[in-house]
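Heads up: the structure comes next, in structure tokens.
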Amino acid sequence: MITGSPANVLDFGAVGDGVTNDTSAIQAALNSGAGQIYVPAGTYKIDSIVIPDGVSLFGDGPEATIFDGSSATYANLNNGCHILTEAGTATAGNSLTALPSLASNVSQNDRTLPLSSAPSISDNDIVIIYNPTDYSWSGFRSYYRAGEMARVASVSGSTINMQGTLCDSYLAADVDLYKMDKKTTCSLSDFSLIGLSDTSNQVTGIFFRHAVDSSISNVKVTKCSYAQINVRDSFSVQVLNSTAMEDFTNSFTGDYALAFLNTQNASVVGGYFASIRHAITISGSDEVEIG
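First residue of the sequence shown: 0, per numbering that gives the first Met the number 0; consecutive thereafter.
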């Protein structure tokens, strides 16, 4: 294989005949160390595949390259998802590292975070500011809690210099700070995913968690019982000219085509999104996992 050239899943044993389960072969290609993974035209039966950091997975277009998870069993899915990043897996474990507390209050448009001691953090890391108090962001639901993310530009002693400015103001006594671990930068493009329509279990098609500077482009996801595309706890993600249509059976009183949860600097350009309840939703939760 030429260094830097895309790895072809067929070279790792994938068949793409719509009958053979190609999960293991596709995962072997993804784990090969190649930065680009090419999936030629065909129908590839899958359960779950995990996208490593720094990998681009692409096909020949949504009408030509098809991942088919419709005959999978929920027991064989990783965390109920077909395509997911490492931090979204059932075995991901703790995904955040606690940082020293704020040394003083910070205000909207500030560019620095003064900490009580020097943090173990590097340029381009993602810092999470989190207020664990119920209703701290909105009185609508208890788990709507205040906070945001910031990318590190540099560190000077106990001060973090950010690449942008704060969106809100925070009292030092009210918030906790964390560093995002298990980050994944990846891109998915030019394929379709037909998911498992399981009215007893919540199935997600594509699950980006701790995705940073990542994209989903010209991808079509259909038939998953809960969410077609779920972007959660992520920073700087683009969904471009893609389609997401769920199974239109409201089994869980909240089915989604495209969901952004606890995510910052995300954008949607073009595409088509349809669901029995939420076509596109922006929300959050009270989930924080500490390493």
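Just so you know, even glycine gets a beta-carbon here, dropped at the ideal spot from N, CA and C. Owing to the predicted nature of the structure, the values given are computational and were not obtained by experimental measurement.
Neighbourhood of residue i by C-beta distance below 8 angstroms, restricted to the same chain and skipping five residues each side
i              : result
alanine 171    : Ser100, Leu101, Ala102, Ser103, Asn104 and Val105
leucine 114    : Leu98, Pro99, Ser100, Leu101, Ala102, Ser157, Thr158, Ile159 and Leu176
alanine 27     : Phe11 and Gly12
glutamate 245  : Thr221, Lys222, Cys223, Ser224, Tyr225, Ala226, Gln227, Asp254, Tyr255, Ala256, Ala273, Ser274 and Ile275
serine 116     : Pro99 and Ser157
isoleucine 120 : Leu98, Val126, Val151, Val154, Ile159 and Lys178
isoleucine 205 : Cys80, His81, Ile82, Leu83, Leu187, Leu192, Ile215, Val218, Val220, Gln227, Ile228 and Asn229
asparagine 30  : Pro51
Contact set for residue i: own chain, Cβ-Cβ below 7 angstroms, skip 5 residues either direction
i             : result
threonine 203 : Gly79, Cys80, Cys223, Tyr225, Ala226 and Asn229
serine 137    : Tyr143
Reference residue i, options the options, closest by Cα
i              : options                           : result
tyrosine 37    : Ala278, Gln263, Gly58 and Leu195  : Gly58
lysine 44      : Ser233, Phe247, Leu192 and His277 : Leu192
lysine 219     : Asn7, Phe66 and Thr22             : Phe66
serine 274     : Thr262, Ser121, Ser116 and Phe251 : Phe251
valine 54      : Ile82, Thr64 and Leu76            : Ile82
leucine 95     : Lys178, Ser216 and Ser199         : Lys178
glycine 32     : Thr19, Ala40, Ile50 and Pro39     : Ile50
threonine 198  : Asn30, Ser69, Glu62 and Asn264    : Ser69
proline 61     : Ser119, Ile48, Pro39 and Asp52    : Pro39
methionine 180 : Ser168, Val211, Asp173 and Gln237 : Position check: residue 180 holds aspartate in this sequence, whereas methionine was assumed. Ranking Ser168, Val211, Asp173 and Gln237 by Cα distance to aspartate 180 puts Val211 first.
asparagine 77  : Asn30, Ile48, Val174 and Asp52    : Ile48
Spatial neighbours of residue i in its chain, beta-carbon cut-off 6 angstroms, leaving aside the 5 residues before and after
i                 : result
alanine 71        : Asp46 and Leu195
valine 305        : In the structure displayed, the chain extends from 0 to 290; residue 305 sits before or after that span and is not available.
phenylalanine 272 : Ala243, Ala256, Leu257, Ala278 and Ile279
glycine 17        : Thr42
threonine 262     : Val230 and Ser233
glutamate 5       : One point to set straight first is that residue 5 is proline, not glutamate, in the sequence displayed. So the qualifying residues of the chain are Gln35 and Tyr37.
asparagine 200    : Tyr73
phenylalanine 247 : Ile275
proline 118       : Leu98 and Pro99
aspartate 124     : Val151 and Lys178
serine 168        : Ser106 and Gln107
threonine 111     : Thr158 and Asn160
threonine 64      : Val38, Ala40, Gly58 and Phe190
Near the ligand ZN: residue i beta-carbon under 8 angstroms from a heavy atom
i          : result
glycine 32 : Among the components modelled here there is no ligand, and therefore nothing to report on the ligand ZN.
With 16 other Cβ atoms within 10 Å as the buried cut-off, status of residue i
i                 : result
phenylalanine 190 : buried
alanine 74        : exposed
cysteine 166      : exposed
phenylalanine 139 : exposed
glycine 146       : buried
aspartate 21      : buried
serine 188        : buried
asparagine 108    : exposed
phenylalanine 207 : buried
glycine 12        : exposed
threonine 90      : exposed
proline 131       : exposed
alanine 86        : buried
glycine 163       : exposed
phenylalanine 259 : buried
serine 186        : buried
isoleucine 281    : exposed
Whole-Å CB distance - residue i paired with residue j, under 8 angstroms assumed
i              : j              : result
arginine 135   : threonine 183  : This sequence places serine at residue 135; arginine is not what is there. The pair is not a contact, with the Cβ atoms about 28 angstroms apart (cut-off 8 angstroms).
threonine 88   : histidine 209  : Contact flag wrong, Cβ pair sits at about 11 angstroms.
glycine 270    : serine 241     : 5 angstroms
aspartate 122  : alanine 152    : 7 angstroms
isoleucine 25  : valine 8       : 5 angstroms
methionine 148 : isoleucine 127 : 6 angstroms
serine 284     : asparagine 264 : That belief does not hold up - the Cβ atoms of serine 284 and asparagine 264 are roughly 18 angstroms apart, past 8 angstroms.
Short CB-CB distance (under 9 angstroms) between residue i and chain B
i          : result
serine 141 : Included in the structure is just one protein chain, with no chain B present.
Enumerate, from N- to C-terminal direction, the unbroken beta strand (DSSP E) stretches of 3 or more residues contained entirely within the segment 248 to 287. 255 to 260, 263 to 268, 271 to 273 and 277 to 282
Could you tell me which uninterrupted beta strand (DSSP E) segments, each at least 3 residues in length, are contained entirely in the segment 193 to 217, listed from first to last along the chain? 203 to 208
Mind pulling the alpha helix (DSSP H) runs of 4 or more residues that sit fully within the segment 15 to 88? 22 to 29
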